[in-house]
């Protein structure tokens, strides 16, 4: 059954942002994800520090792509697949459920696979190419299915799996790509029309059976994402500006950015920036009105993805030798940011609880939020007993 289609009005506003380049956000440090030799691709990170990604042992042969899981908090790297088919485009939720595109044979079409509690399940079994699976907290999944038909052979549909049944939710006759889902089963994607020249695109939104068109008369909006607050972001225009849609109003995040991802919570938007002078891509994170340029090296850093804690994973390397970069947070309780929680953190903890401004001055690389041991969103005396327990080896709840 075709979903009803609505048009959503909006007002365009400007949002002030501050730019921070060349340093890390307080409470975070730069690292890299270890991997076997080959080309590491398509990383995703959950809120438990688990990172799923693909390694191609032969960059030019998709059938050499295998899936890996890295737990950076434990330093454990696990190989998840070992076959002669393509395993790529993975996503992971906090329960550890992993979804990805899995080949059905050498050079064969891609099916959507789900690994949950050690059990492998296929959600598709057809002759088409199924891409870009995304999974939410309820193990509900969206993806795009390329049909290879229509104008420019680009027709593609978006499918939604609600835990029981997979249903097509997009309009036919378009190239529907890049579906993203939040934890409330709100879904967005870009709908391309390749039957006109030049091509056009619009951001689409699906919620509770209703399909709506978010954008009206925008110039080539692409790569939308949606968070748990219902905010939608995308990039558009000749200069690749990033726009945020909130309750029908638009605000400009930056006039220099593309290829974005949003965190489900926390308000983080990660995006790419092209530097013409150095001919490099660099990764940026937008949080609370500030833009942090996380990388500034000679590599190509792009397609970053953030979790709710603001940690980010991305492609890092040359166009031909790609690794995985990581922006990681210091552990909760590590108030002096030395990568360990011990008695050396006591004085810094007392300072963070008693005088946040003095703490920020004394330890600018750290974040007072590391003292929120009981995870109630506040740093105060209620964190003292949990901090003492943490020093005694009892992890925070």
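Numbering (my numbering), first residue to last: 862 to 1258. Using N, Cα and C, we set each Cβ at its ideal position, and we do this for glycine too.
Tell me the residue span of the beta strand (DSSP E) that contains residue i.
i, result
"residue 1111", "1110-1115"
"residue 1246", "Per DSSP, residue 1246 belongs to no beta strand (DSSP E); it is in the alpha helix (DSSP H), 1245-1252."
"residue 1175", "1173-1178"
"residue 1060", "Premise fails: residue 1060 is in no beta strand (DSSP E) and is neither H nor E."
"residue 1003", "1002-1007"
"residue 1038", "1036-1042"
"residue 912", "911-917"
"residue 889", "889-894"
"residue 1186", "1183-1190"
"residue 1170", "Unbroken run through residue 1170: none, as it is neither H nor E."
"residue 928", "926-932"
"residue 1154", "1151-1154"
"residue 901", "900-906"
"residue 964", "959-964"
"residue 1045", "Neither: residue 1045 is in no beta strand (DSSP E) and is coded neither H nor E."
"residue 940", "937-940"
"residue 1261", "The requested residue 1261 does not occur in the structure, where the chain is confined to residues 862 to 1258."
"residue 1069", "Neither: residue 1069 is in no beta strand (DSSP E) and is coded neither H nor E."
"residue 951", "948-953"
"residue 1028", "1027-1029"
Sorted by chain position, which residues of the same chain lie with C-beta nearer than 6 Å to residue i's C-beta, five sequence neighbours on each side aside?
i, result
"residue 1216", "none"
"residue 918", "899 and 925"
"residue 920", "900"
"residue 983", "972 and 974"
"residue 1042", "995, 997, 1003 and 1048"
"residue 896", "916"
Taking 8 Å as the limit between beta carbons, can you name the residues of its chain near residue i, skipping five residues before and five after?
i, result
"residue 1240", "1213, 1214, 1217, 1229, 1230, 1232 and 1233"
"residue 1169", "908, 1124, 1125, 1126, 1127 and 1129"
"residue 1166", "904, 905, 906, 1122, 1131, 1173, 1174 and 1175"
"residue 1204", "1252"
"residue 893", "1177, 1184, 1185, 1186 and 1187"
"residue 954", "907, 996, 997, 998 and 1000"
"residue 1136", "1142 and 1143"
"residue 1243", "1235 and 1237"
"residue 1010", "1016"
"residue 1249", "none"
Residue i: which of the options sits nearest, CA to CA?
i, options, result
"residue 987", "998, 966 and 976", "966"
"residue 1056", "1014, 1042 and 1044", "1014"
"residue 1122", "1136, 1139, 1104 and 1137", "1104"
"residue 1022", "1011, 999, 1009 and 1016", "999"
"residue 1027", "1053, 1058 and 973", "973"
"residue 1141", "1190, 1177, 1251 and 990", "1177"
"residue 1049", "913, 1243, 1077 and 1093", "1093"
"residue 1184", "891, 902 and 889", "902"
"residue 1069", "1110, 1045, 950 and 977", "1045"
"residue 1245", "1041, 1221, 1201 and 1196", "1196"
"residue 1091", "1083, 969, 1109 and 1257", "1109"
"residue 940", "1031, 912, 1020 and 1072", "912"
"residue 1051", "1071, 1097 and 1220", "1097"
"residue 1118", "1146, 1138, 1106 and 1139", "1146"
"residue 1033", "1025, 1042, 1020 and 1024", "1020"
"residue 1149", "1171, 1087, 1242 and 1041", "1171"
"residue 915", "895, 1194, 949 and 1247", "949"
"residue 889", "1181, 1179 and 1191", "1191"
"residue 1084", "1078, 1063 and 1134", "1063"
"residue 1060", "1080, 1075, 1066 and 938", "1080"
"residue 1202", "1257, 1238, 1181 and 897", "1257"
"residue 1220", "1053, 1198 and 1235", "1198"
"residue 1106", "1135, 1136 and 1074", "1074"
"residue 1235", "1095, 1194 and 976", "1194"
"residue 1133", "1222, 969 and 1155", "1155"
"residue 952", "1249, 1139, 976 and 923", "976"
"residue 968", "1088, 1054 and 989", "989"
"residue 970", "1089, 1138 and 992", "992"
"residue 1281", "938, 1017 and 978", "Residue 1281 falls outside the range modelled here, since the chain spans only 862 to 1258, and no answer is possible."
"residue 1095", "885, 1066 and 1153", "1066"
For residue i, which residues from the same chain have a beta carbon less than 7 Å from its beta carbon, with the 5 sequence-adjacent residues on both sides left out?
i, result
"residue 910", "932, 933 and 934"
"residue 1116", "1100 and 1102"
"residue 887", "1225, 1226, 1227 and 1228"
"residue 936", "none"
"residue 874", "With a pLDDT of 43 at residue 874, under the threshold of 50, the predicted position of this residue should be treated as unreliable, and no value is reported."
"residue 1254", "none"
"residue 1180", "1161"
"residue 981", "974"
I need the boundaries of the alpha helix (DSSP H) containing residue i, first residue and last residue.
i, result
"residue 1207", "1207-1215"
**Report entry** Touching by the beta-carbon criterion (3+ pairs, under 8 Å), the segment 944-961 and the segment 919-930
**Finding:** yes
Query raised in the report: Three or more beta-carbon pairs under 8 Å between the segment 1203-1221 and the segment 1156-1163, yes or no?
Result: no
Query raised in the report: What are the complete beta strand (DSSP E) segments, minimum 3 residues, inside the segment 1080-1146?
Result: 1083-1087, 1093-1097, 1102-1107, 1110-1115, 1119-1123 and 1130-1136
Query - Segment contact, 8 Å Cβ cut-off, at least three pairs: the segment 1034-1042 with the segment 992-1011 - result: yes
Query raised in the report: Which ranges would you report for the alpha helix (DSSP H) in the segment 972-1021 if only whole runs of at least 4 residues count?
Result: none
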